[in-house]
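J.: Residue numbers (this note's numbering): 53 to 169.
Ideal placement from N, C-alpha and C gives every residue a C-beta, glycine not left out.
For clarity, every value in this text was computed on a predicted model and none was experimentally measured.
Encoded as C-alpha coordinates, here's the structure I'll be asking about.
Below, the structure written as C-alpha coordinates:
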(Lines of atoms letter the chains of each structure in order from A and count residues from 1; the text may use other names and numbers.)
(Lines give C-alpha, C1' and ligand atoms only; values in the text may rest on other atoms or scores of the structure.)
Protein backbone atom coordinates (compact mmCIF):
# COMPACT_ATOMS: atom_id res chain seq x y z
CA UNK A 1 0.00 0.00 0.00
CA UNK A 2 1.30 3.45 -0.94
CA UNK A 3 2.17 5.99 1.74
CA UNK A 4 -0.10 8.36 -0.20
CA UNK A 5 -3.20 6.15 -0.13
CA UNK A 6 -5.64 8.36 1.79
CA UNK A 7 -7.17 11.52 0.37
CA UNK A 8 -6.17 13.56 3.44
CA UNK A 9 -2.59 12.36 3.04
CA UNK A 10 -2.68 13.33 -0.63
CA UNK A 11 -3.87 16.84 0.27
CA UNK A 12 -1.14 17.12 2.91
CA UNK A 13 1.44 15.96 0.38
CA UNK A 14 0.25 18.51 -2.19
CA UNK A 15 0.45 21.29 0.40
CA UNK A 16 3.94 20.16 1.37
CA UNK A 17 5.05 20.06 -2.26
CA UNK A 18 3.74 23.60 -2.76
CA UNK A 19 5.56 24.77 0.37
CA UNK A 20 8.79 23.11 -0.81
CA UNK A 21 8.58 24.71 -4.25
CA UNK A 22 7.81 28.12 -2.75
CA UNK A 23 10.74 27.76 -0.36
CA UNK A 24 13.13 26.67 -3.11
CA UNK A 25 12.19 29.70 -5.19
CA UNK A 26 12.51 32.06 -2.21
CA UNK A 27 15.95 30.69 -1.33
CA UNK A 28 17.13 31.02 -4.93
CA UNK A 29 15.83 34.59 -5.12
CA UNK A 30 17.48 35.51 -1.83
CA UNK A 31 20.73 33.89 -3.02
CA UNK A 32 20.69 36.07 -6.13
CA UNK A 33 20.10 39.21 -4.10
CA UNK A 34 22.82 38.32 -1.59
CA UNK A 35 25.32 37.60 -4.36
CA UNK A 36 24.88 41.19 -5.57
CA UNK A 37 25.37 42.71 -2.12
CA UNK A 38 28.47 44.69 -1.26
CA UNK A 39 28.99 42.50 1.82
CA UNK A 40 28.81 39.21 -0.08
CA UNK A 41 31.91 37.86 1.70
CA UNK A 42 30.16 38.25 5.05
CA UNK A 43 27.26 36.19 3.74
CA UNK A 44 29.13 33.24 2.19
CA UNK A 45 28.00 30.68 4.79
CA UNK A 46 24.47 32.05 4.59
CA UNK A 47 24.47 31.81 0.80
CA UNK A 48 25.61 28.19 1.01
CA UNK A 49 22.79 27.44 3.44
CA UNK A 50 20.30 29.09 1.08
CA UNK A 51 21.60 26.93 -1.77
CA UNK A 52 21.40 23.77 0.36
CA UNK A 53 17.85 24.63 1.35
CA UNK A 54 16.76 25.32 -2.22
CA UNK A 55 18.25 22.04 -3.41
CA UNK A 56 16.70 19.91 -0.67
CA UNK A 57 13.31 21.56 -1.25
CA UNK A 58 13.42 20.80 -4.99
CA UNK A 59 14.38 17.20 -4.21
CA UNK A 60 11.72 16.73 -1.53
CA UNK A 61 9.06 17.97 -3.96
CA UNK A 62 10.38 15.58 -6.58
CA UNK A 63 10.30 12.62 -4.18
CA UNK A 64 6.71 13.43 -3.24
CA UNK A 65 5.61 14.03 -6.84
CA UNK A 66 6.61 10.52 -7.78
CA UNK A 67 5.35 8.99 -4.53
CA UNK A 68 8.79 7.71 -3.61
CA UNK A 69 8.91 5.29 -0.73
CA UNK A 70 11.62 7.55 0.73
CA UNK A 71 9.64 10.80 0.51
CA UNK A 72 8.83 10.97 4.20
CA UNK A 73 12.47 10.47 5.18
CA UNK A 74 13.46 13.15 2.69
CA UNK A 75 10.87 15.46 4.21
CA UNK A 76 12.56 14.97 7.60
CA UNK A 77 15.85 16.14 6.10
CA UNK A 78 14.13 19.00 4.32
CA UNK A 79 12.50 20.18 7.56
CA UNK A 80 15.84 20.19 9.38
CA UNK A 81 17.59 22.15 6.63
CA UNK A 82 14.69 24.60 6.30
CA UNK A 83 14.84 25.25 10.04
CA UNK A 84 18.59 25.86 9.87
CA UNK A 85 18.11 28.17 6.91
CA UNK A 86 15.36 30.09 8.72
CA UNK A 87 17.74 30.66 11.64
CA UNK A 88 20.42 31.97 9.26
CA UNK A 89 17.93 34.18 7.41
CA UNK A 90 16.71 35.69 10.67
CA UNK A 91 20.22 37.01 11.39
CA UNK A 92 19.89 39.56 8.58
CA UNK A 93 17.50 42.50 8.76
CA UNK A 94 16.78 43.03 5.07
CA UNK A 95 13.29 42.25 3.82
CA UNK A 96 14.42 39.45 1.52
CA UNK A 97 16.06 37.53 4.33
CA UNK A 98 13.18 38.06 6.75
CA UNK A 99 10.63 36.90 4.16
CA UNK A 100 12.78 33.90 3.30
CA UNK A 101 13.02 33.00 7.01
CA UNK A 102 9.23 32.91 7.27
CA UNK A 103 8.86 30.83 4.11
CA UNK A 104 11.51 28.40 5.39
CA UNK A 105 9.64 28.04 8.69
CA UNK A 106 6.39 27.35 6.85
CA UNK A 107 8.08 24.74 4.69
CA UNK A 108 9.67 23.08 7.71
CA UNK A 109 6.24 22.86 9.35
CA UNK A 110 4.66 21.39 6.21
CA UNK A 111 7.45 18.80 6.06
CA UNK A 112 7.03 17.99 9.77
CA UNK A 113 3.31 17.47 9.14
CA UNK A 114 4.22 14.95 6.44
CA UNK A 115 6.58 13.03 8.68
CA UNK A 116 4.20 12.90 11.64
CA UNK A 117 1.30 11.40 9.70
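So, using beta-carbon positions, are residue 94 and residue 135 closer together than 8 Å?
T.: The residue you call residue 94 lines up with position 42 of the chain shown. The residue you call residue 135 lines up with position 83 of the chain shown. No; because the gap between Cβ atoms is not below 8 Å, this pair is not in contact.
J.: One question on the structure: do residue 27 and residue 156 come within less than 8 Å of each other, judged by their Cβ atoms?
T.: The question about residue 27 has no answer here: the residues shown for the chain are numbered 53 through 169.
J.: Classify residue 122: buried if its beta carbon has 16 or more other beta carbons within 10 angstroms, exposed otherwise.
T.: Numbered from 1 along the chain shown, position 70 holds the residue referred to as residue 122. With fewer than 16 other Cβ atoms within 10 Å, it is exposed.
J.: For residue 92, which residues of its own chain have a beta-carbon under 8 Å away from its beta-carbon, when the five flanking residues on both sides are left out?
T.: Residue numbering aside, residue 92 sits at position 40 when the chain shown is read from its first letter. Correct list, in chain order: 86, 99.
J.: From residue 168 to residue 63, what distance separates their C-alpha atoms?
T.: The residue given as residue 168 occupies position 116 in the chain shown. The residue given as residue 63 occupies position 11 in the chain shown. The straight-line gap from Cα to Cα measures roughly 14 Å.
J.: Starting from residue 144, trace the alpha helix (DSSP H) both ways and give me its first and last residue.
T.: Residue numbering aside, residue 144 sits at position 92 when the chain shown is read from its first letter. Segment: none, residue 144 is in no alpha helix (DSSP H) and carries neither H nor E.
J.: Hey, could you find the ends of the alpha helix (DSSP H) residue 77 is sitting in?
T.: Taking the first residue of the chain shown as 1, we reach residue 77 at position 25. Unbroken alpha helix (DSSP H) run through residue 77: 59 to 87.
J.: Label residue 124 either buried or exposed according to how many other C-beta atoms from any shown protein chain fall within 10 Å of its C-beta, with 16 as the threshold for buried.
T.: Working through the chain shown from its first residue, we reach residue 124 at position 72. Classification for residue 124: buried.
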